[in-house]
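In this note's numbering, the protein residues as written are 7 to 1111.
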């Protein structure tokens, strides 16, 4: 028993130590203690004592306790074991913890998943209680133990739908701040706040409150801040009459449709009223009558159409009003009389007609936005006395007419935006616009700009007259704009010639854009004295002539854009372009590049010559471009680059040759070139080896897409050791030789999509150890075997969309570096996708073309077809009907499944029979075919053998008559024939006995013929038996198999042919035997006539053997 007590005490100590509290360092005159489950702090009390002189100036909220001045403590309690019967914080018999409760200033119980409000321990100095972010359904404004100093209560972000003050508990009657935002409140009980006389801030935002009564806020007398935004209120219902001390009222994002006269009665101290994002259509004239202190009124995003001219009459203190995003059509004159409005916005309304004098009387704003309306005219003195106005926005209206004195008295105006209107001239008086810095007139109908129209705008820095109808610029048009630093004049129909000194006086302008015009000629000294000019854009014009000295006396031009014009050459004085770094000449009609075209442009690093008609580039054309880094001569189809001298452009990094149809090779390039990016797409390339890529061995990115390449082989990329990115997409590649990339170890991305690959062979990725992205989409690949990718150790993205892959085993890629597999548009079965969805994968399944609308998909990858029958969901009507329908459904489903299973079994059985028939027919065809071939061969041999036998018989007849040949023939090797009845010829036999061989041959021939005929008959009988068994199986009901092969029966070859073949074989054997006999007889004749045997080795060594 004693040991059990010991263990209990031991485990209690361990548990307590496991949940020991932690204390932070002192921050802003406060400590934070964080505890889990229990408040079991054992710490020296002295740590929280405030000593005189320490932080004397910044610590003002100290707590007096036991004669000491203590730092306030914030206690954060996280509970994993919730016992609502035990008050929190739960103390583990610690005297220090009991005493520390007396100096706790803030108790944080947030995020503990409370379903009910816990009982709080008595804490005499607790000021802030936070029970937010829990799951409370009832908000209690009271506690069993007194919390006499509590002033702030946070119950936000719960699920509270009811508020209560428990009559048996102590109410928090000292509260000054209550936060009930982000809950589920629909109705607020009447007089629920009656006990809180000192309440100053109440936040009820983001609830579902739809009604307020006159007793909702009964008892609240000192409220200064009330937030009811983002609820469902449709009517204020005079519920706010008590709030005579209220300063801020937020009613935004509700459903209020009308403001009534008594809604804001007695709100005499209110300073800020937010009524934005409601459905307000009408406002009673006297609704704001009592709000003599109101400073800010927000009525944005409502449905206001008409404003009474007296609606704001008593708002003497109003200085900010927001009326944007309404439907206001007219603005009454003197609407703001006797006021000083400092912030006013009325954009995004439906103001129509003209703006007249008096509309903005009393408005003294610095910024006025009247954009996006239907205004047509600005009359004289419309903005009279708006002397503080520095920004006026009138864009996106329908303004056609500006009266002469329309902007009078705007002496401090700096920004005037009149863009997107229908203004035809700017002949209004500008004498009061001497401080204007930004004048925006783009997208109007201006036809001319004269220097006298701009003479008063001497400090103007930004002028935008783009998108107008200006056809001609007179010389010296901008001579008074010496401070102009940005001129936008593009997208005007400027015609003909740009005259000399057109831009005279623009000595401070660094950027000029005259693009998208109809100019044809730029004359000499057009940009004279533009010493600050750095960027000049003349693209998208019709320029066909550049006079030689057009850049005379210009500054240090860095960027020149002459693209999309009609230039046939580029011959200008480049001495004034020594600082040029970027030159764009693409989309012109340039034919040749002469040696002097770019002379002196030593700082040029970007040259674009694409989409011209260049035929040749002189070998010395780029000799001066020692800093050239980017060269684009693409889509000059007949351009010959064989004379391109790479020795002078050693800094060249990017070379673009796409679209060139002539021969391209790099054999003549110097070995130390620095080309890293090479683009040769759409160049009709068929064989990569013809490019001689070894001449650009430092290339990092190679684009060979959109060509006619049909195969990749070893040697194509052998010398490209630095290659990292290779694009071979949109070719006709059907074969990749293993080892093609073995020297491209550093390659990180390979794109071979949109080709004709049918399979992935072993070894084609050999050497690609660092490949990260592989794109093989849009090919004809039928399988995805992981072993093909074993050498790709760092492969993270594999893209194989739109192939013919019908199987995928995710386990094959376990342990690899793969993070994303894109496999959409493949004939994958739904079963495979279901397995992929159920099993956790180490990589992401995705698709290039995401289709998440289909039911059968995994991350947008759609399966080929549905294999399983799914039960239809029946709408719910009543219980009996549902049960009956479900029973019928199950019966029909079972019948359907049984029929499907039966049909499947029948089909499988018939398929098995069909396969057997097909197999037997195939065997029969094969054997008969072999037999026919054999007989044909034997027939040929038989004919040859008959000829030889005739010759042998003649020879034997000659021997029998005693005629002996005097010529010695070559020695022949013996042919051994196995026969049990073969007679033996003795050495002393007469040569005439050879005549008996003929009869013996005939005998053997007959015996073998009979034997072969018997074996043949056995084979035929065996075939007949097999066909008889097949005929029995065919007596079953016929099934149409579309995939079965048609079997044609071959006629049996005639018996005579077979016999002749066998006879030919026998005769061949017998010929060998006869030759052997003949050979033996000849040897004996030699012995008889004492012929020397020394001739035998010579005969064997004869070349005719």
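Using N, Cα and C, we set each Cβ at its ideal position, and we do this for glycine too.
Item	Value
Could you tell me how far apart the beta carbons of residue 595 and residue 619 are, in whole angstroms, since I believe they sit closer than 8 Å?	6 Å
Could you say which of 468, 601, 741, 237 lies nearest to residue 624 if we only look at CA atoms?	601
Where does the unbroken alpha helix (DSSP H) through residue 6 begin, and where does it stop?	With the chain running from 7 to 1111 in the structure shown, residue 6 is simply not present.
Measuring alpha carbon to alpha carbon, tell me which of 960, 393, 316, 179 ends up nearest residue 369.	393
Please list the segments of the beta strand (DSSP E) lying wholly inside the segment 326-379, counting only runs of 3 or more residues, in order along the chain.	326-328, 349-351, 358-361, 373-375
At the level of alpha carbons, what is the spacing between residue 472 and residue 495?	4 Å
Specify the secondary structure class of residue 397 as computed by DSSP and reduced to three states.	strand
Between the alpha carbons of residue 763 and residue 502, how many angstroms are there, rounded?	56 Å
What did DSSP end up calling residue 794 once you bin it into helix, strand or coil?	helix
In whole angstroms, what separates the C-alpha of residue 754 from that of residue 778?	5 Å
Can you give, in chain order, each stretch of the beta strand (DSSP E) that sits fully within the segment 92-166 and has at least 3 residues?	110-114, 134-136, 144-146, 158-160
I'd like the list of long-range same chain contacts for residue 406, defined as Cβ closer than 6 Å, with 5 residues on each side in sequence excluded.	382, 428
Determine the direct distance from the alpha carbon of residue 109 to that of residue 26, and round the result to whole angstroms.	19 Å
Since residue 258 contacts residue 282 with CB under 8 Å, what's their CB separation in whole angstroms?	5 Å
Pick helix, strand or coil for residue 547, following the three-state DSSP scheme.	coil
Taking a contact to mean a Cβ-Cβ separation below 7 Å, would you say residue 33 touches residue 81 in this structure?	no
For residue 225, which residues of its own chain have a beta-carbon under 8 Å away from its beta-carbon, when the five flanking residues on both sides are left out?	197, 199, 200, 201, 202, 203
Out of 379, 720, 321, state which residue places its alpha-carbon closest to the alpha-carbon of residue 332.	379
Going by beta-carbon coordinates alone, are residue 253 and residue 230 separated by less than 7 Å?	yes
With distance defined between alpha-carbon atoms, name the residue in 508, 264, 833 nearest to residue 483.	508
Helix, strand or coil for residue 1068? Go by DSSP, reduced to three states.	helix
Label residue 524 either buried or exposed according to how many other C-beta atoms from any shown protein chain fall within 10 Å of its C-beta, with 16 as the threshold for buried.	exposed
In three-state terms, what does DSSP make of residue 848?	coil
With distances taken from CA atoms, which of 637, 592, 599 is nearest residue 616?	592
If residue 589 sits next to residue 564, beta carbons under 8 Å apart, how far is it from one beta carbon to the other, in whole angstroms?	So it is not a contact: roughly 10 Å between Cβ atoms.
If you draw a straight line from the C-alpha of residue 221 to the C-alpha of residue 353, how long is it?	39 Å
Compare the C-alpha of residue 514 against each of 534, 490, 499 and name the closest.	490
So which of 809, 768, 837 has the shortest CA-CA distance to residue 3?	The requested residue 3 is not part of the displayed model; the chain covers only 7 to 1111.
Identify every run of the beta strand (DSSP E) within the segment 654-714, keeping only runs that are complete inside it and at least 3 residues long; order them along the chain.	660-662, 683-685, 707-709
Under three-state DSSP, which class holds residue 267?	coil
Report the option in 822, 724, 740 whose CA atom is closest to the CA atom of residue 746.	724
What are the start and end residues of the beta strand (DSSP E) that includes residue 628?	No beta strand (DSSP E) contains residue 628, which DSSP labels as neither H nor E.
If we call anything under 7 Å between Cβ atoms a contact, is residue 371 one with residue 348?	yes
Determine the contact status of residue 436 and residue 409, defining contact as a CB-CB distance below 7 Å.	no
Mind checking who residue 645 pairs with in its DSSP beta bridge?	In DSSP, residue 645 forms no bridge with anything.
Going by C-alpha distance, which of 768, 621, 651 is nearest residue 678?	651
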